[in-house]
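> These protein sequence lines are chains A and B, in that order.
Per the numbering used here, the first sequence starts with residue 17, numbered consecutively.
Per the numbering used here, the second sequence starts with residue -3, numbered consecutively.
Before we start, here is the structure in question, set down as structure tokens.
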Amino acid sequence: MATRTNEEWLSDLRAEGETRNTALEDLRTVIQKGLPYALSRWLSPDLPQFNSLVEEVTQETLLRVLDQLDTFEGRSQFTTWVHKIAVRIALTELRRKRWRDSSLDELTENEDVPPPPGLLADTHAGPETVAERTDMLARVRRIIEEELTERQRQALLLLGVQDMPMEDAARKLKTNRNALYKLLHDARLRLKNRLSVEDIHPHEVLALFEQK
Amino acid sequence: MNIRNIIQSIRNRLHPPEHLSDETVLGFLRVLEKAEKEEISCNELYDKLDEYVEREVNQKDAAQLMPLVRDHLDLCAECCEEYEALLDVLEKTSGH
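Right under this line is the structure:
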């Protein structure tokens, strides 16, 4: 099977007759080579429905690709874009049929972390008083201290609050950009998830302090 | 409590964190609020997914280059499933 550039794929699929037919057949081969890998977390290849699902999805993908050809922006290989469409069609179908083997579900650490006891407020008081602000700050402070490691706090402080350039922050924390990026990302995510569990919304808290 | 929380609370007892000022606490919240405003939708993610996965397979720096995509994948199970499926396809069919 000939390899095509993005431009060649587009041109051949827009052509007529044999050129187009050959391109479609080649694309069918590409899709069918990739789909089994996409489905592997969902469905065993030994199941009788496997092959018919591959065929069904391949057909639907070819139609959708032709229909959406003008939307391809060339930000990736054409075949990658096509695989993406195939994955979307396949997974939509699998979710609809609920073929998912629940033993393959992976619980993320975030979903599994309960809030420590005693931290949830007993009452949801109104937003106006100084005491409310103090209490809210104390809750958020405690959450930051419980959720984040020292390094994560430092990363969030330097990069997020103080807006230090990445290189400077990495040097200060004696680490590299990649590790620092991960620190920042993990810190933001942990904080965001924990606040969400406690039903605290950053913009609401900030609004409390912006009121005169 | 999971292991991570236990370790964290032991660490905090041995080395209590420096007290965070009110301004710092508010600063952390502003960082989160700003991130929330920049979040992308599932549709926006789908548009960028092919570029993201290809970058990840070839140069392994997709998360840094397209952090909003990475953030969405961390928070959205369905988009994450599509990401993993496409990643599987590209990795297994390109000989990486």
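Here a beta-carbon is modelled for each residue, glycine too, at the ideal position from N, C-alpha and C.
1) Run through chain B and tell me which residues come within less than 7 Å of E109/A, C-beta to C-beta.
2) Return no unless some Cβ of chain A is closer than 8 Å to the Cβ of A120/B.
3) Just to confirm, are L25/B and V49/B a CB contact at a threshold of 8 Å?
4) Out of curiosity, what's the CA-to-CA distance linking L110/A and R57/A?
5) Could you check how far apart the C-beta atoms of H68/B and L41/B are, in whole angstroms? I think they sit under 8 Å.
6) Within its chain, find whatever has a CB closer than 8 Å to the CB of A54/A; leave out the 5 residues flanking it on each side and keep chain order.
7) Skipping 5 residues on each side, what residues in its chain have a beta carbon closer than 8 Å to that of F74/B?
8) Who are the neighbours of E35/B on chain A, taking C-beta pairs under 7 Å?
9) Can you tell me whether DSSP reads L63/A as helix, strand or coil?
10) Helix, strand or coil, according to DSSP, for H217/A in the structure here?
11) Rounded to the nearest angstrom, how far is the Cβ of T20/B from that of V177/A, given a contact under 8 Å?
12) Comparing alpha-carbon positions, which option in L153/A, R149/A, A154/A and L200/A lies nearest L174/A?
13) Kindly list the residues whose CB is nearer than 8 Å to the CB of R30/A, restricted to its own chain and excluding five residues on each side of it in sequence; keep chain order.
14) Say whether chain A places a C-beta atom closer than 8 Å to the C-beta of A31/B.
15) Tell me the residue span of the alpha helix (DSSP H) that contains E229/A.
16) With 8 Å as the limit, tell me which residues of the segment 71 to 98 of chain A have their beta carbon closer than that to any beta carbon of chain B; keep them in chain order.
17) For the alpha helix (DSSP H) that L71/B lies in, which residues bound it at each end?
18) Under 8 Å by Cβ, that's how I've got L205/A and D70/B pegged, so tell me the actual separation to the nearest angstrom.
19) Look at the Cβ atom of T221/A, then the Cβ atom of M152/A, and state whether they are nearer than 8 Å.
20) Counting C-beta neighbours from all protein chains within 10 Å, is the total for V65/B 16 or more, i.e. buried, or is it exposed?
21) Quick check on W58/A: does DSSP put it in helix, strand or coil?
22) Enumerate in chain order the residues of its own chain whose CB-to-CB distance from T89/B is below 8 Å, with the five nearest sequence positions on each side excluded.
Taking the structure as given:
1) The premise fails here: E109/A is roughly 12 Å from chain B at the closest Cβ pair, so nothing lies under 7 Å.
2) Since the first residue shown for chain B is -3 and the last is 92, residue 120/B is missing from the structure and cannot be characterised.
3) Not a contact, by the Cβ cut-off of 8 Å.
4) In a straight line, the C-alpha of L110/A is about 11 Å away from that of R57/A.
5) 5 Å
6) H99, A102, V103, A106 and L107
7) Correcting the residue type first, residue 74/B is Glu in the shown sequence and not Phe. C38, listed in sequence order.
8) Under the 7 Å cutoff, chain A gives no residues; its nearest Cβ is about 10 Å from E35/B.
9) It is coil, neither helix nor strand.
10) coil
11) 6 Å
12) L200/A
13) R36 and L85
14) yes
15) The first residue shown for chain A is 17 and the last is 228, placing residue 229/A beyond what the model contains.
16) R91, S92, Q93, T96 and W97
17) For L71/B, the uninterrupted alpha helix (DSSP H) run begins and ends at P63 to L71, by DSSP.
18) 6 Å between Cβ atoms; contact.
19) According to the sequence shown, residue 221/A is Val rather than Thr. Their beta carbons are under 8 Å apart, which means V221/A touches M152/A by this criterion.
20) buried
21) Here W58/A sits in coil by DSSP.
22) Excluding positions up to five away in sequence, the list is empty.
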